[in-house]
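K.L.:
In this note's numbering, the protein residues as written are 1 to 155.
Backbone N, C-alpha and C define an ideal beta-carbon position, used for all residues, glycine too.
Just so it is clear, the structure is predicted and the values come from calculations on it, not from any experiment.
Take this structure first; my questions come after.
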């Protein structure tokens, strides 16, 4: 099953979650998670609120919490445009706040978050600059954006 379409093929959150969690165990995804974790090491000031954009099932949350004391007690907020992804995130992270929303129009006030994870989303967007402006809007001054893509030509 192709990673980029499992949310289209599996419409039940429980089924999507099982496929997503298996997919995130593959060597290439484990490398991606490790790269993100390594990029978090320089963050030393406490992070209280993290926005996980296009969150899927939230595979980066636990590794991020364990990456640095600055993120250990942060509250993670998921936003995804697919209801099956939001449902899976809730299952992986019970009690976590989630929003079913478009990443180009985030439903949060300005300067709400200390950090934002934008992992493997930008290559799917037509307006990279608009997306980055929108994420910047919801980040507090001095906040952190963690961005990754597996397609460097897309940005």
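#1: So what's residue 2 in DSSP terms, helix, strand or just coil?
#2: With H, G and I counted as helix, E and B as strand and the rest as coil, what does DSSP make of residue 120?
#3: Opposite residue 177 in the DSSP bridges: which residues?
#4: Between 36, 24 and 14, which lies nearest to residue 71 when the distance is taken from Cα to Cα?
#5: Within this structure, are the beta carbons of residue 54 and residue 121 separated by less than 8 Å?
#6: In the structure shown, what three-state DSSP assignment does residue 23 receive?
#7: Note down the Cα distance separating residue 52 from residue 134, rounded to an integer number of angstroms.
#8: Buried or exposed: where does residue 40 fall if 16 or more other Cβ atoms within 10 Å of its Cβ makes it buried?
#9: Short of 7 Å in beta carbon distance, which residues of its chain neighbour residue 44, apart from the five on each side in sequence? Order them along the chain.
#10: Rounding to the nearest angstrom, what Cα-Cα distance links residue 12 and residue 84 in this structure?
#11: Taking C-beta to C-beta, are residue 86 and residue 78 nearer than 8 Å?
#12: Between residue 106 and the rest of its own chain, which residues show a CB-CB distance below 6 Å, the 5 nearest in sequence each way excluded?
#13: If I follow the unbroken alpha helix (DSSP H) through residue 148, where does it start and stop?
#14: With DSSP as the reference, please indicate the residues paired to residue 60 in a beta bridge.
#15: In terms of residue numbering, what span does the beta strand (DSSP E) encompassing residue 49 cover?
P.N.:
Looking at the coordinates:
#1: For this step, residue 2 is matched to residue 2 along the chain shown. Interpretation of residue 2 is limited by its pLDDT of 41, a score under 50 that renders its predicted location unreliable; no figure is taken from the coordinates.
#2: Here the question's residue 120 lines up with position 120 in the chain shown. In the structure shown, residue 120 falls within a coil segment according to DSSP collapsed to helix, strand and coil.
#3: No answer is possible for residue 177: the residues shown for the chain start at 1 and end at 155.
#4: The residue labelled residue 71 in the question sits at position 71 within the chain shown. It is 36 whose Cα lies nearest to the Cα of residue 71.
#5: For this step, residue 54 is matched to residue 54 along the chain shown. For this step, residue 121 is matched to residue 121 along the chain shown. Yes.
#6: Counted from its first residue, the chain shown places residue 23 at position 23. Residue state, collapsed to three classes: helix.
#7: Position 52 of the chain shown, counting from 1, holds the residue named residue 52. Position 134 of the chain shown, counting from 1, holds the residue named residue 134. If I take the Cα positions, the gap works out to 13 Å.
#8: As a first step, residue 40 must be located in the chain shown, where it is residue number 40. So residue 40 ends up on the buried side.
#9: For the purposes of this step, residue 44 is taken as residue 44 along the chain shown, with counting starting at 1. Setting aside the 5 residues that flank it on each side, residue 44 is surrounded in the same chain by 70, each with a C-beta closer than 7 Å to its C-beta; the list follows chain order.
#10: Here the question's residue 12 lines up with position 12 in the chain shown. Here the question's residue 84 lines up with position 84 in the chain shown. The alpha-carbon atoms of residue 12 and residue 84 are separated by roughly 6 Å.
#11: For the purposes of this step, residue 86 is identified with residue 86 of the chain shown, where counting begins at 1. For the purposes of this step, residue 78 is identified with residue 78 of the chain shown, where counting begins at 1. Contact annotation: residue 86 and residue 78 have beta-carbon atoms nearer than 8 Å.
#12: Your numbering for residue 106 matches position 106 in the chain shown. The beta carbon of residue 106 sits closer than 6 Å to the beta carbons of 134 and 138 from its chain, once the five residues preceding and following it are set aside; these are given in chain order.
#13: Locating residue 148 in the chain shown gives position 148, counting from the first residue. Unbroken run through residue 148 is the beta strand (DSSP E), 139-148; no alpha helix (DSSP H).
#14: The residue labelled residue 60 in the question sits at position 60 within the chain shown. Partner(s): none; residue 60 has no beta bridge.
#15: Counting from one through the chain shown, the residue named residue 49 turns up at place 49. Annotation: the continuous beta strand (DSSP E) that includes residue 49 extends over 49-53.
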